[in-house]
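Enquirer:
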Amino acid sequence: ARDRWQDPRAYHRLRDIDRAGLMWEWLRRDHDYVEWYTRASAATRATGEPVRWGLHFAEDPDRPAPEARVIWSAALDPAILPVAIISDRGPQQDRVVLGDLAPWLTIAIGPTGREHVLFSDGWHHIRLDIAEGHLAGRDTARFQYRFDGLTSAEKLILPLRRFLALCRHRHFPSALFPHDPRIARGIDMLRVHDALVQGASQREIATALFGTRRVTDEWGGVSDSLRSRVRRLVSDARAMAQGGYRSLLR
Numbered sequence: 001a002r003d004r005w006q007d008p009r010a011y012h013r014l015r016d017i018d019r020a021g022l023m024w025e026w027l028r029r030d031h032d033y034v035e036w037y038t039r040a041s042a043a044t045r046a047t048g049e050p051v052r053w054g055l056h057f058a059e060d061p062d063r064p065a066p067e068a069r070v071i072w073s074a075a076l077d078p079a080i081l082p083v084a085i086i087s088d089r090g091p092q093q094d095r096v097v098l099g100d101l102a103p104w105l106t107i108a109i110g111p112t113g114r115e116h117v118l119f120s121d122g123w124h125h126i127r128l129d130i131a132e133g134h135l136a137g138r139d140t141a142r143f144q145y146r147f148d149g150l151t152s153a154e155k156l157i158l159p160l161r162r163f164l165a166l167c168r169h170r171h172f173p174s175a176l177f178p179h180d181p182r183i184a185r186g187i188d189m190l191r192v193h194d195a196l197v198q199g200a201s202q203r204e205i206a207t208a209l210f211g212t213r214r215v216t217d218e219w220g221g222v223s224d225s226l227r228s229r230v231r232r233l234v235s236d237a238r239a240m241a242q243g244g245y246r247s248l249l250r
């Protein structure tokens with residue numbers, strides 16, 4: 001999509017991603033990350049080194065958001081559920097059959113052996129960090145949520161409800177994943193960034209985003225609103241590209 005920034009259809013698949021996916025779209029455009037990934041060996045990519053990018057494992061920058069499975073660290077994603085894997089000898093109704101969740105499950109194992117878990121269909125994500133026990137290699141598991149203070153617990157009520165719904169119904173319910181109205185502007189900023197990389201002028205960017213007729217009528221008119229809007233998009237896109245995207249989940 002990056003070299004087809006003038007065509008909105010090139011960005012259509014991103015319309016329903018969440019902010020975790022939007023963050024990945026910015027990181028995969030980061031020249032330093034792309035250069036590091038290209039030079040790093042497979043062994044290096046699998047070590048703890050990707051943490052400097054806010055990741056628990058290195059994802060291929062050629063893979064767009066809906067296909068990528070990015071496990072953001074707690075430093076960037078505050079909605080991570082801390083859980084322990086406990087004995088599954090308890091009531092059967094409390095056990096989770098991991099095979100039922102396999103289509104969405106990705107596990108990264110850190111340098112200390114700690115597991116970082118992602119459930120994602122490409123458009124929605126639920127993150128767990130395993131504080132005790134192991135999930136990898138198991139057929140079933142019982143999860144114990146680690147309640148840690150009132151303020152922290154309140155912030156994690158929605159992620160917990162999402163995880164419980166996924167376990168019970170084996171899908172990501174739309175009622176718990178409402179559309180984020182900020183994604184549309186986030187995609188516009190991606191397009192603006194891609195346009196700037198291709199050397200586009202602000203007027204060319206305005207034409208792609210708002211149409212030839214509106215630019216013809218307003219670009220040189222009395223009102224400066226359209227040009228101001230494009231200038232803000234350019235400024236915000238540059239800030240995002242310089243690392244501002246790292247705060248999207250916060």
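Mapping of the sequence shown onto this note's numbering: residues 1 to 250, in sequence order.
For every residue, glycine included, the Cβ atom is placed at its ideal position computed from N, Cα and C.
1) When burial is assigned at 16 or more other CB atoms within 10 Å of the CB, is Asp18 buried or exposed?
2) In the stretch 120-195, which residue ranges form an unbroken beta strand (DSSP E) of at least 3 residues, counting only runs that do not cross its ends?
3) Can you give the Cα-Cα distance for Val34 and Asp236, rounded to whole angstroms?
4) In terms of DSSP beta bridges, what is Leu105 paired with?
5) Run through DSSP, which three-state label would Leu55 get?
6) Give the secondary structure of Leu209 by DSSP, where H, G and I count as helix, E and B as strand, and everything else as coil.
7) Are Ala241 and Asp60 close, meaning C-beta to C-beta below 9 Å?
8) Would you call the stretch 203-219 and the stretch 159-177 touching, i.e. three or more CB-CB distances under 8 Å?
9) Any idea what DSSP makes of Val234, helix, strand or coil?
10) For the alpha helix (DSSP H) containing Val34, name the first residue and the last one.
11) Taking the beta strand (DSSP E) that Ala20 falls in, what are its first and last residues?
12) Around the C-beta of Pro50, are 16 or more other C-beta atoms found within 10 angstroms, so that it is buried, or is it exposed?
13) For Leu118 versus Ile126, is the C-beta distance shorter than 9 Å?
14) Can you check which of these residues, Asp16, Asp100 and Pro8, is closest to Phe177 by C-alpha distance?
15) Would you kindly work out how many angstroms separate the C-alpha atoms of Gly99 and Asp194, rounded to a whole number?
16) Ordered along the chain, which non-local residues of its own chain (more than five positions away) have a Cβ less than 8 Å from that of Ala68?
17) With DSSP run on the structure shown, which of helix, strand or coil describes Pro82?
18) Can you pull the DSSP bridge partners for Val97?
19) Check whether the stretch 74-93 and the stretch 101-109 touch, using three or more Cβ-Cβ pairs below 8 Å as the test.
20) Kindly indicate the opening and closing residues of the alpha helix (DSSP H) around Arg45.
Expert: So, from the listed chains and residues:
1) Here Asp18 is buried: its Cβ has 16 or more other Cβ atoms, across all protein chains shown, within 10 Å.
2) Those beta strand (DSSP E) runs which fall completely within the stretch 120-195 and span 3+ residues are 125-132 and 140-145.
3) Rounded to whole angstroms, Val34 to Asp236 spans 22 Å at the Cα level.
4) Residue pairing from DSSP places Leu105 in a beta bridge opposite Phe119.
5) In the three-state reduction of the DSSP assignment, Leu55 falls in the strand class.
6) Here Leu209 sits in helix by DSSP.
7) No. Outside cutoff.
8) Between the stretch 203-219 and the stretch 159-177 there are fewer than three C-beta pairs closer than 8 Å, too few to call the two in contact.
9) Helix at Val234.
10) From DSSP, the alpha helix (DSSP H) with Val34 extends over His31 to Arg39.
11) That residue, Ala20, is in no beta strand (DSSP E); its alpha helix (DSSP H) goes Arg19 to Leu27.
12) Buried, since its Cβ has 16 or more Cβ neighbours within 10 Å.
13) Cβ distance < 9 Å, so Leu118 and Ile126 count as in contact.
14) The shortest Cα separation from Phe177 among Asp16, Asp100 and Pro8 belongs to Asp16.
15) So the two alpha carbons sit approximately 40 Å from each other.
16) Taken in chain order, the residues that qualify are Gly21, Trp24, Arg28, Glu59, Asp60 and Gly122.
17) Three-state result, Pro82: strand.
18) In the DSSP secondary-structure assignment, Val97 is bridged to Thr140.
19) Touching, no.
20) Its alpha helix (DSSP H) spans residues Ala42 to Arg45.
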